[in-house]
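What follows is a single structure, written as structure tokens, with notes after it.
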Amino acid sequence: MPSRVVTALVGLFALAAALPPISGAAARSAAPTFSNPVIAGQFADPTVLRDGDVYYLSVTSRAWAPIFPLFRSRDLVNWERLPAAMARPPAWASAPFWAPELVRWDGETRIYFTARPQRDIHAPCIGVARAASPDGPYRDLGRPLLCPPDGAIDAFVARDEHDNPYLLYRRFAGEGGIWAQQLSADGLRVTGPERLLIAVAPGDDGVVEGPAVIARDGAFFLTFAARNCCKPPCDYVQAIARSDRLLGPYVRAPRLALAGTPRARCPGHGTPVDDPLGGGWFLHHAVLADDPVNARRNVFLEPLRWGLDGWPVLGDAGRPLLRAPGPPGFAFRAPLRQTPDLNAPSLDVGWEWPWNRPARASQRDGRITLGGQPRGAVLARQVAGRMVRAEVRTTARGCVPGLAAVQGDEHAGEAIGVERLADGRLRAWRGRAGAGAGRTLATVTPPAGAVRATPTLALTVRDSRLVRLSVRAGGRTYRIGGAFATPPKRRVVRLALTCRGPRTAQARFERLRISG
């Protein structure tokens, strides 16, 4: 039976219902406290599932693979990254892959997700993948679950007052809105007609999406996002409506459930979860103040309490919290490490590649080996920080090895990179990662002694948009050009190792260091 609807518990949670919304002062005085975001980076549309005293979370992967990153936590604050839900995309689907929703159903775990079908990329569909346990691996059904003519996105599974399962989703085009359709007993087919639950209202700027349901005391609270999530300037918000029946009619709350602040902008598309003691929490994404182009939608955690008027209250009276008392089990924030362990027996799970160009990569004895691709193999990972520096020593057999700063998610990102050509020249380039040589920005020809030396490629990224490239070889450092800027509306999100050459070629990377 599906259990994604968050059911309010008695005891401590009932006591919390009588409490006023948490205030900023209360958040600062309580201990231990955590700080938002709990997962920093481009991790949009978080979904969370509690399995006993362990939480699992997944997020949008868009044009990157493996598909749908997975995380695990015991306190909702410290998250361990796991292997992604699906190593390769479903055969019927193409990028982008977004809005996963974790669901428990009859002893197994499922991800209901959005992807574009290869037969019609303009009308996204909802699919489903299944696993024996929340940490996967997940196997796709082999076909879409729902593919209406106007497209469907942002799936959520809920049960009505008669225990019938329903699939909630946003209609992608046409009149939009949030709709519901009954699911079969096994949850693998949709049956019956569509029902409109939430129509687009004048203040929604044409968009309502990302539904989630909280069932409490015989009522259904349907929370959803509205307005512009992504293109700057964004104005995303979280709204909520209430009904005595899952299928409505719904009455919207007199205020927004969550609205942005200058330091945490555009909050929305979240999922509620209860902790083992009955406390309520809400995970969503938001953009930080130093990110004017919305390059990173970070994962935020908010307390979910109940106001005296019977409506849920998120964060600090409807504003995202930057600090708050932690959930049960939280004691301290573990430090984050940007450089992967190259001495581990296998590749770090944070490595990614373009969804339709899988990287042939392995790790052994402190080295990463990356197989060539004629248009450029790409092995990337997310980075964060005002000043990020990366360097790696490389050798190659038959390909041009490189290091690149990758911008954005669309089409797996534009990039600015450095590579060492077969004749020893050092080349700076700009173009799409994994889409050929790109446009040459500058070249440097080192002296003969340096040409024969094993090079260390390096790049520095300042404020996520100014990229400086250099190569160290033969005891000297060679700067290649000046500071190359990303386009005004793009920011560096990932660093990538590259290998441009035939599939028989290889590049080896060692002594990788990332700081920021």
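Going letter by letter, the sequence shown gives residues -25 to -1, 1 to 491 in mature numbering (1 follows the signal peptide of the UniProt record, and there is no 0). Cβ coordinates follow ideal geometry from the N, Cα and C atoms, glycine included. Here the structure is a predicted model, which is why all the values come from computation and not from measurement.
Which word fits residue i, buried or exposed, when buried means at least 16 other C-beta atoms lie within 10 angstroms of its C-beta?
i	result
residue 530	There is simply no residue 530 to check, as the chain begins at -25 and stops at 491 in what is shown.
residue 509	Given that the chain is displayed from residue -25 to residue 491, the structure contains no residue 509 and the question cannot be resolved.
E55	exposed
V288	buried
L252	exposed
R483	buried
L263	buried
R427	exposed
M362	exposed
S4	Reliability fails at S4, whose pLDDT of 46 lies under 50, so the model's placement of it is uncertain and no value is given.
residue 493	Limits of the chain in this structure are -25 at one end and 491 at the other, which puts residue 493 out of reach.
T452	exposed
A176	exposed
V439	According to the sequence shown, residue 439 is Ser rather than Val. By the neighbour-count rule (16 or more Cβ atoms within 10 Å), S439 is buried.
I343	buried
A309	exposed
L172	buried
A(-1)	Note that A(-1) scores 38 on pLDDT, short of 50, meaning its location in the model is unreliable; the coordinates nonetheless yield the value given after this. Answer is exposed; the Cβ neighbour count stays below 16.
Identify which residue in the options has its Cα closest to the Cα of residue i.
i	options	result
A90	A106, W73, L77 and D125	W73
A70	R454, A160, D129 and P92	P92
P333	P320, R342 and G351	G351
R240	A216, V226 and V268	V268
T431	A417, P119, V393 and D438	V393
V29	R47, A38 and P99	R47
residue 529	P349, D250, P329 and P320	The requested residue 529 is not part of the displayed model; the chain covers only -25 to 491.
P278	D161, G290, A66 and V34	G290
D250	D26, A107, N11 and Q17	D26
L163	G411, L120, G185 and H137	L120
D110	R271, P75, L32 and P229	L32
R85	I153, F275, A107 and G255	A107
E150	T166, R79 and V183	V183
V248	L222, T198, K206 and V212	T198
R447	P41, V367 and P58	V367
P237	Y211, R217 and D219	Y211
A68	P229, A40, R395 and K464	A40
P168	A194, L222, A216 and L116	L222
G449	P463, R280, T420 and E136	T420
D323	P315, P64 and A187	P315
L51	S10, A38 and F88	S10
S159	A133, G178, N331 and I153	A133
F88	G282, R105, W326 and W80	R105
Check residue i in the structure and name its three-state DSSP category.
i	result
G361	Gly is not the amino acid found at residue 361; the sequence shown has Arg there. The answer is coil: DSSP assigns R361 none of H, G, I, E or B.
R440	coil
R427	helix
G290	coil
D179	helix
S346	The sequence given here places Gly at residue 346; Ser does not occur at that position. Correct three-state label for G346: strand.
H137	coil
S4	Reliability of the predicted coordinates at S4 is poor, the pLDDT of 46 falling under 50, and the value obtained from them is presented with this limitation in mind. Of the three classes helix, strand and coil, the one that applies to S4 here is helix, per DSSP.
Q481	strand
L283	coil
A299	strand
R312	coil
G392	strand
R454	strand
E277	strand
W330	coil
I96	coil
C474	strand
V367	strand
R71	Before going further, note that residue 71 is Pro rather than Arg in the sequence given. Note: P71 maps to strand in three-state DSSP.
R469	strand
A15	coil
Please tell me whether residue i and residue j are closer than 9 Å, where the distance is taken between their beta carbons.
i	j	result
Q157	Y141	yes
A299	H244	no
A480	G347	yes
T8	D20	no
V375	G304	no
residue 494	V23	There is simply no residue 494 to check, as the chain begins at -25 and stops at 491 in what is shown.
A59	F43	yes
G16	N273	yes
F147	E76	no
R405	G413	yes
F196	P242	no
A371	L470	no
A390	A403	no
Can you give the beta carbon distance from residue i to residue j, rounded, assuming they're within the 8 Å contact cut?
i	j	result
A365	L378	7 Å
Q357	R466	At roughly 12 Å, the Cβ-Cβ gap does not stay under 8 Å, so Q357 and R466 are not in contact.
D129	G181	Actually they do not touch by this definition, with Cβ atoms about 15 Å apart.
C100	A62	C100 to A62, Cβ: 21 Å. No contact.
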